[in-house]
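**Q** In our numbering, the protein residues as written are 1 to 372.
C-beta: ideal position from N, C-alpha, C; glycine also.
Source: prediction; values computed, not measured.
Quick one: this structure, given as structure tokens, is what I'll be asking you about.
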């Protein structure tokens, strides 16, 4: 408890030292947040030196805390920030603001763990085509390499299908109720329920984005309907609440709303059983959706239509109309496209070839007194 209090006190001191009111005046541009002169790197450096509640050790002595201690402090502050948004600022929360801070912490932590310089361009969170194929093949209900028990295979496959097709967040997925699913109109509503009195879980999954209605494919619509009619209803406690995804047992003795921990364990099991998917988390599928959307936009539209497509993206992702949050998710796509372009252009190869052509031209055109 003292360590937590100390970390939060240092957080408050850092904000006071740089004259920043936490959560309000921090520059929320993602690249500046995680740059070498950004807010979080400054915070990390401030936490690096040994301090106690009374005195600050001279920086000249270069007494640093361990990486484990530093990581603990950053994690404590991150949890506090998320708690603040979940409980204090929930009614006035800006979804793009929350996502920016959340992503910034995700970028800062690997630097602490590995001592390397990480930035937004070097981190690719989306899945490759090979990884998507491996994932869908693994969680297929009849797959021989499916690591899950028979009674949860259909549900887990449904979870992956929903995340890949819609790109919604894990909290949004766990927040879906039966009433949010429209079989006739093939759609899924994302609804914010911050103070739901009927929430049965101790840790409530929250929707951090704007409310919206997402169109579904025929295949996914049927998959959800099959889950509701053939699997969910057979669990004895499923009738006690309205949440779509529930816990399952082979004897039908469960049916409680799926928790955040239960959701995370699905991806933990996938990571353990596939080297190709050793780094996958639920949010990877949201990044993957955005990369695929960008690819589709590039192939099927002209430059005049890009603005419209970005508005569609912002709506489907639950971001504000003019949000730039997509820039975070587009980094993998931009890196991917740059590799394709460089494979064609290859400036060094072009220079060498140009020199070679000039040299050959001189050889063929030069006439000396000896005839060559």
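1. Take residue 294 as the anchor and find which of 329, 271, 262, 281 has the nearest alpha-carbon.
2. For residue 189, which residues does DSSP report across the bridge?
3. Use the C-beta contact count for residue 18: other C-beta atoms within 10 angstroms, 16 or more gives buried, fewer gives exposed.
4. For residue 231, which residues in the same chain have their Cβ closer than 8 Å to its Cβ, ignoring the five residues on either side in sequence?
5. Just to confirm before moving on: does the CB-CB distance between residue 4 and residue 76 stay below 8 Å?
6. Start and end of the alpha helix (DSSP H) containing residue 267?
7. What does the Cβ neighbour count give for residue 137, buried or exposed, with the cut at 16 atoms within 10 Å?
8. On the CB-based measure, 16 or more other CB atoms within 10 Å of its CB, does residue 185 come out buried or exposed?
9. State buried or exposed for residue 192, treating a residue as buried only when at least 16 other CB atoms are found within 10 Å of its CB.
10. Cα separation between residue 219 and residue 67?
11. Note the first and the last residue of the continuous alpha helix (DSSP H) segment covering residue 80.
12. Classify residue 83: buried if its beta carbon has 16 or more other beta carbons within 10 angstroms, exposed otherwise.
13. What is the C-beta distance between residue 284 and residue 127, in whole angstroms, given that I count them as a contact (C-beta under 8 Å)?
14. Starting from residue 257, follow its DSSP beta bridges and name the residues at the other end.
15. With a cut-off of 8 Å, do at least 3 Cβ pairs link the region 154–169 to the region 223–238?
16. With respect to 7 Å, is the separation between the Cβ of residue 72 and the closest non-hydrogen atom of the ligand SAH below this value?
17. Tell me which same chain residues have a C-beta within less than 7 Å of the C-beta of residue 221, skipping the five on either side of it?
**A** On the basis of the coordinates in this document:
1. Residue 329 is the option with its Cα nearest to residue 294.
2. 213
3. exposed
4. Short of 8 Å from the beta carbon of residue 231, and not among the five residues preceding or following it, lie these beta carbons of its own chain, in chain order: 154, 155, 248.
5. yes
6. Going by DSSP, residue 267 is part of the alpha helix (DSSP H) stretching over 260–272.
7. exposed
8. exposed
9. buried
10. Cα to Cα, the separation comes out at about 48 Å.
11. 67–83
12. With fewer than 16 other Cβ atoms within 10 Å, it is exposed.
13. 6 Å
14. 246
15. yes
16. Absence of the ligand SAH from the depicted structure is noted, as is the absence of any ligand whatsoever, leaving it without description.
17. 183, 186
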